[in-house]
Amino acid sequence: MADGSSHFAFTKAVETATASVWNKVSAQVTPLEWRLQAPLIAEINRLKREKNAVILAHNYMTPEIFHGVGDFVGDSLGLAREAARSDARVIVQAGVHFMAETSKVLCPDKTVLIPDLQAGCSLAASITAADVRLIKQRYPGLPVVTYVNTTAAVKAETDICCTSANAVQVVEWAAREFGVDRVILLPDEFLARNVARQTDIGIIAWQGRCEVHERFTVADIAEMRESWPDAQILAHPECPPEVLEACDFAGSTAAMSDYVTTRKPRQVVLITECSMADNVACDAPDTQFVRPCNLCPHMKRITLENIHDALAYGRHEVTIDADIAERARLAVQRMIDMPPPATPARYDLVKARHHVDIELI
Ligand code: SF4
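Letter by letter, the sequence shown follows residues 1489 to 1849 of our numbering.
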């Protein structure tokens, strides 16, 4: 593939234009790396103005993307809300493919670009629309809640979407709305198990897994406690429930970030994707981050180089069948229309019910 991004030089003008980003990321990026990254950041920011484009950057992007070129940054829920509000003509999704689909679903008239078409997700790949249709036949009358980490075709078969930031709230809403005491929550088994511990609503779940978070174990946490006895350990709810139980706090990426920046622990371990810690560290200079994290290979496909090429050459445009997009929009919009949680949602580890059974399909 032609790479149009390799000829930019680190000039005085580039250094000046990117100085505020350097101040932010200098603890995470070496000066040598910066000489390569800064010219691209300057050029990407120029292209955004020229093309009337915005970049939605997920928390798992590397710091030079997250802090350097992201116009809106955050978790899936926050990015979905920003996509809906944005009046830019072009959206570049610095994230994975299902996120770009969500942006397209919410903004059918905008051009949505994903810098690498192979940026997938093990959760999104775990279930198809045909699977959901069969599940609905097996459980008639029960609402289907889908995690946003699914394809538009899967969302189109479901009643409402959720993220890890609002899953408990959405499950309880769906049960009330349908007048039932059980809800189908797809496709992340561990998120479903962790939600089940926070609510009285019965949960029917699918056996999808996030390949990044499923790898953390209780033994990992015990080792960390031994090595860093003073560290606060925070986990994402895509981890197994017993891992959450061994930690000090569990919540969505937004909740973890909020915990660190407001409570300012002296030492912290984030049990999640590696770049999350790097990005929060840029905003929390007084906290020491211990980094036994896992990389998401899909998120790491997105680079400054391919973001540049996406903007410069309009690649790769995300399109969705109109009927699927319309039905998926209902499910996503229902979630967006719910009031945002007053504080970023946490999974209460003290009040959590233990050994809750869920039905696995
Ligand atoms: S971190 Fe997990 S859920 Fe997120 S994109 Fe990667 S595989 Fe999917």
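Cβ coordinates follow ideal geometry from the N, Cα and C atoms, glycine included.
- Between the beta-carbon of Ala1607 and the beta-carbon of Ala1641, is there less than 8 Å? Cβ atoms of Ala1607 and Ala1641: not closer than 8 Å.
- Determine contact between the segment 1709-1716 and the segment 1797-1809, defined as no fewer than three beta-carbon pairs at a distance below 8 Å. no
- Are Cys1781 and Val1513 closer than 8 Å when you measure CB to CB? Contact flag unset, no.
- In this structure, does DSSP put Tyr1801 in helix, strand or coil? helix
- Return the Cβ separation of Arg1685 and Ala1840 in integer angstroms, given the expectation that the two are a contact with Cβ distance under 8 Å. 4 Å
- Where Leu1837 falls, given that 16 or more other Cβ within 10 Å makes a residue buried: buried
- Task: Determine, using beta carbons only, whether Glu1761 and Tyr1627 come nearer to each other than 8 Å.
- Result: no
- Residue of Glu1730, Thr1749 and Val1757 minimising C-alpha distance to Asp1718: Val1757
- Would you mind sorting Met1489 into buried or exposed? The rule is 16 or more other CB atoms within 10 Å of its CB. With a pLDDT of 45 at Met1489, under the threshold of 50, the modelled position of that residue is not reliable, and no figure is offered here.
- Give a single yes or no on whether Asn1637 has its beta carbon closer than 7 Å to a heavy atom of ligand 1. yes
- CA-to-CA distance, Ala1765 to Met1787, given in whole angstroms: 14 Å
- Bounding residues of the alpha helix (DSSP H) (the contiguous stretch that carries Phe1678): Glu1677 to Ala1684
- Ala1490 (DSSP reduced to helix, strand or coil): Residue placement at Ala1490 cannot be trusted, given a pLDDT of 48 that sits under 50; what the coordinates show is reported in the next sentence. Of the three classes helix, strand and coil, the one that applies to Ala1490 here is coil, per DSSP.
- Item | Integer Cβ distance of Val1633 from Lys1624, believed to fall under 8 Å | Contact flag wrong, Cβ pair sits at about 12 Å.
- Counting only runs of 3+ residues fully inside the segment 1648-1674, write out the beta strand (DSSP E) ranges in chain order. 1648-1650 and 1670-1674
- Considering only residues of the same chain and omitting the five flanking positions on each side of His1724, which have a CB-CB separation below 6 Å? Correct list, in chain order: His1701 and Thr1760.
- Message: Less than 8 Å between the beta carbons of Ile1602 and Ala1613, yes or no?
- Response: no
- Between which two residues does the alpha helix (DSSP H) harbouring Ile1692 extend? Looking at the DSSP string, Ile1692 is not in any alpha helix (DSSP H); the run it does join, the beta strand (DSSP E), is Gly1690 to Ala1693.
- Exposure label - Thr1749; buried when at least 16 CB within 10 Å: By the neighbour-count rule (16 or more Cβ atoms within 10 Å), Thr1749 is not buried but exposed.
- Query: Any idea if Arg1817 is buried or exposed, counting beta-carbon neighbours within 10 angstroms, 16 or more meaning buried?
  - Reply: buried
- Query: Are Ala1526 and Phe1498 close, meaning C-beta to C-beta below 8 Å?
  - Reply: yes
- Message: Give me the pocket residues for ligand 1, defined as CB within less than 7 Å of any heavy atom, sorted by chain position.
- Response: Tyr1548, Val1584, Cys1609, Ser1610, Leu1611, Ala1612, Asn1637, Cys1698, Glu1699, Val1700, His1701, Glu1726, Glu1761, Cys1784, His1786 and Met1787
- Would you report the Cα separation of Ala1680 and Asn1654, rounded to the nearest angstrom? 12 Å
- Item | Host alpha helix (DSSP H) of Ile1529 (start-end) | Pro1519 to Lys1539
- Query: Which stretch, first to last residue, makes up the beta strand (DSSP E) that contains Gly1562?
  - Reply: Phe1560 to Gly1562
- Helix, strand or coil for Thr1750 per DSSP? helix
- Message: Tell me which residues share the same chain as Gln1516 and place their Cβ nearer than 7 Å to its Cβ, disregarding the 5 neighbours each side in the sequence.
- Response: Only Pro1551, Asp1766, Ala1769 and Cys1770 meet the Cβ criterion.
- Task: Determine the contact status of Thr1590 and Val1561, defining contact as a CB-CB distance below 8 Å.
- Result: no
- Residues in its own chain within less than 6 Å of Phe1737 by CB, not counting five upstream and five downstream? Leu1722 and Tyr1747
- Query: If you draw a straight line from the alpha carbon of Ser1610 to that of Gly1696, how long is it in whole angstroms?
  - Reply: Rounded to whole angstroms, Ser1610 to Gly1696 spans 8 Å at the Cα level.
- Message: Taking the straight line between their C-alpha atoms, what separation do you get for Asp1708 and Pro1728?
- Response: Distance between the alpha carbons of Asp1708 and Pro1728 is about 12 Å.
- Query: Helix, strand or coil: how does DSSP classify Asn1547 here?
  - Reply: coil
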